[in-house]
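Read the structure below first, then the notes.
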Amino acid sequence: MKFLACVAAIVATIASGQTLNGQSPIDLPVNIKAQPNNGKFAVDFNKAPAVVLHDDHTVKVTWSAGLDSHLTLNGNVYKSVQLHPHSPSEHTLGGKQYPFEVHFVHADKNKNLAVVGIFFDLDPQNKPNKFLDQVFRGFSQLHNPGDSYNITNLNPGSLDVDESNVYRYSGSLTTPPYTEGVEWNVLQEVQTLSKEQLTAWFNVIHHPNARPVQALNGRSVTLIQAADD
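Under mature numbering (1 follows the signal peptide of the UniProt record, and there is no 0), the residues of the sequence shown are numbered -17 to -1, 1 to 212, in order.
Spelled out as structure tokens, the structure:
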């Protein structure tokens, strides 16, 4: 049924006039020169209540109220909407695939989408990730698709992300209907998680949920230094 649903979504997308030439995820190049930020990228993560939902394909975390986290791209402000993980990572970096990737989805006032992607690798000392621990600690409540629980104060700021290098390109949603025109921003910095956290993930989502890498089709990928001097 999932396969048929994906086929139907692709057919509908093509019928809507999309070319499917600007799809995500992609392999991000490692040997490109960084450009100055100059206000092109800034992210501000703040804590707020959230709802964690098992939707079968992934675990979706939606901010429920009071969130003022946002992403600024070239002066345009995108409000944080939700986040969801993929395992293994959907994007690759110089051909390398990581065990985990989290997508922070944002939308501007015209409902245009921008996503911040963060890679995760296994921690050499097997230390748990503080941010993921906030989300995962309720996973025992997620037995079936549709199950959910609330988090009083989820703090994405605990990731303490390094914004010094960010890959930017124009792509798409990585799930049906694969809508294009999404502004992708993937951090070069790699966060870490523990083996137990990765196991906890697969105890809820029992299958890999990463879309294969898509062709670049002539699109440009920019590496910007996101922290101004």
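Just so it is clear, CB atoms sit at the ideal spot from N, CA and C, and this is done for glycine as well.
All values derive from a computational prediction rather than experimental measurement.
Check	Outcome
With a Cβ-Cβ cutoff of 8 Å, do Phe102 and Leu76 count as a contact?	yes
State the start and end residues of the unbroken alpha helix (DSSP H) segment that holds Leu136.	It is worth fixing the name first, because residue 136 is Asn in this sequence and not Leu. From DSSP, Asn136 is part of no alpha helix (DSSP H) but of the beta strand (DSSP E) over Ser131 to Leu137.
Quick one: is Val13 buried, meaning 16 or more other Cβ sit within 10 Å of its Cβ, or exposed?	exposed
Which residue from Pro107, Lys79, Arg120 and Leu11 puts its Cα closest to that of Trp184?	Arg120
List the residues that DSSP assigns as beta-bridge partners of Tyr61.	Leu54
Measuring only the C-alpha atoms, how far is Glu179 from Asn95?	36 Å
Tell me whether the beta-carbon of Val34 lies closer than 8 Å to the beta-carbon of Thr41.	no
Pro191 to Phe83, Cα distance in whole Å?	10 Å
Can you have a look at Ser47 and say buried or exposed, based on whether 16 or more other CB atoms are within 10 angstroms of its CB?	exposed
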